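Trainee:
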Amino acid sequence: MRKILLFIFISTSFLFTSNETFAQNRTEKSRAVEAVKVFYRFHFSHKDAFDERGVSRRRRLFTPKLRQLFDAELKRQKIYLKKYPDNKPYFEGLPFEPIEFCPNDYRVGAAQTTRQTATAKVNFVYSKSSCDASDGTKISYKILLSKITGKWLINDVIYDDGSTLTKAFSEAQKIK
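Here it is, written out as structure tokens:
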């Protein structure tokens, strides 16, 4: 009898724990997706250049690591453009959407999460009137997030060609 009661107790505990874990995981996924949606809603409603103002308006949505990379690049770019005023900056526009095509809209897909990281895919939507894009042009970025003090923050971007924002910052730092 004790064995049966123990079995029922353990089974029930496992069942409730599994459901709770599943619910937490689902909630974390939706929170990660919502963080990306919040970022892109703000991003598309504030068309800024890659400058201190454009970056500072988005800082609260970046991890400290990404903030440091933006700050270092803005500093490097300022020095470089003073030295070579006729050159273009390394980054044109903010690096969160394809600048060669003007997306009409975007869609954020489901997120894959672990305890402290998440990845959400952003699909950019185009029509014939979109700059250089033709109907059917498909470009997707993966937004990498880190959970810091309970908030999902953007940590990196993986572009459609496999390159990343953090690698682009590293490459830019080599330009003197």
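The sequence shown lines up with residues 1131 to 1306 when you count with our numbering.
Note that the Cβ used here is the ideal one computed from N, Cα and C, for glycine as well.
Here the structure is a predicted model, which is why all the values come from computation and not from measurement.
For residue 1253, write down the residues that DSSP places opposite it in a beta bridge.
Mentor: Residue 1253 pairs with 1237, 1270.
Trainee: Look at the Cβ atom of residue 1236, then the Cβ atom of residue 1221, and state whether they are nearer than 8 Å.
Mentor: Their beta carbons are not under 8 Å apart, which means residue 1236 does not touch residue 1221 by this criterion.
Trainee: According to the neighbour-count rule (16 or more other Cβ atoms, all chains shown, within 10 Å of its Cβ), is residue 1176 buried or exposed?
Mentor: When all chains shown are included, residue 1176 counts as exposed.
Trainee: Helix, strand or coil: how does DSSP classify residue 1152 here?
Mentor: Because the pLDDT at residue 1152 is just 41, under 50, the model does not fix this residue reliably, and the value given afterwards should be weighed accordingly. It is helical.
Trainee: Using 10 angstroms around the beta-carbon of residue 1205, count the other beta-carbons present and answer buried if the total reaches 16, otherwise exposed.
Mentor: Residue 1205 is exposed by the Cβ-count criterion.
Trainee: Throw me the rounded Cβ distance for the residue 1170 and residue 1238 pair, which I believe falls under 8 Å.
Mentor: About 7 Å separates the two Cβ atoms, so the contact holds.
Trainee: Residue 1224 by DSSP, collapsed to three states: which one?
Mentor: Of the three classes helix, strand and coil, the one that applies to residue 1224 here is coil, per DSSP.
Trainee: Have a look at the DSSP bridge pairing and note the partners of residue 1242.
Mentor: Bridge partners of residue 1242: 1249.
Trainee: Does DSSP put residue 1329 in a helix, in a strand, or in coil?
Mentor: Because the chain is modelled from 1131 through 1306, residue 1329 falls outside the range shown and cannot be assessed.
Trainee: So the beta strand (DSSP E) residue 1283 belongs to, where does it begin and stop?
Mentor: Here the beta strand (DSSP E) through residue 1283 covers 1281–1288.
Trainee: In angstroms with no decimal places, state the Cα-to-Cα distance between residue 1153 and residue 1160.
Mentor: Note on residue 1153: pLDDT 44, under 50, position unreliable in the model; the coordinate value appears next. Distance between the alpha carbons of residue 1153 and residue 1160 is about 11 Å.
Trainee: Straight-line CA distance for residue 1276 to residue 1292?
Mentor: Approximately 19 Å, taken between the alpha carbons.
Trainee: Can you check whether the CB of residue 1233 is closer than 8 Å to the CB of residue 1256?
Mentor: Yes, the pair counts as a contact, with Cβ atoms nearer than the cut-off.
Trainee: Locate the alpha helix (DSSP H) running through residue 1295, then write down its first and last residues.
Mentor: Per DSSP, residue 1295 belongs to the alpha helix (DSSP H) from 1295–1303.
Trainee: According to DSSP, simplified to helix, strand and coil, what is residue 1277?
Mentor: Reduced to three states, the DSSP call for residue 1277 is strand.
Trainee: What residue range is occupied by the uninterrupted alpha helix (DSSP H) comprising residue 1184?
Mentor: Residue 1184 -> alpha helix (DSSP H) spans 1182–1186.
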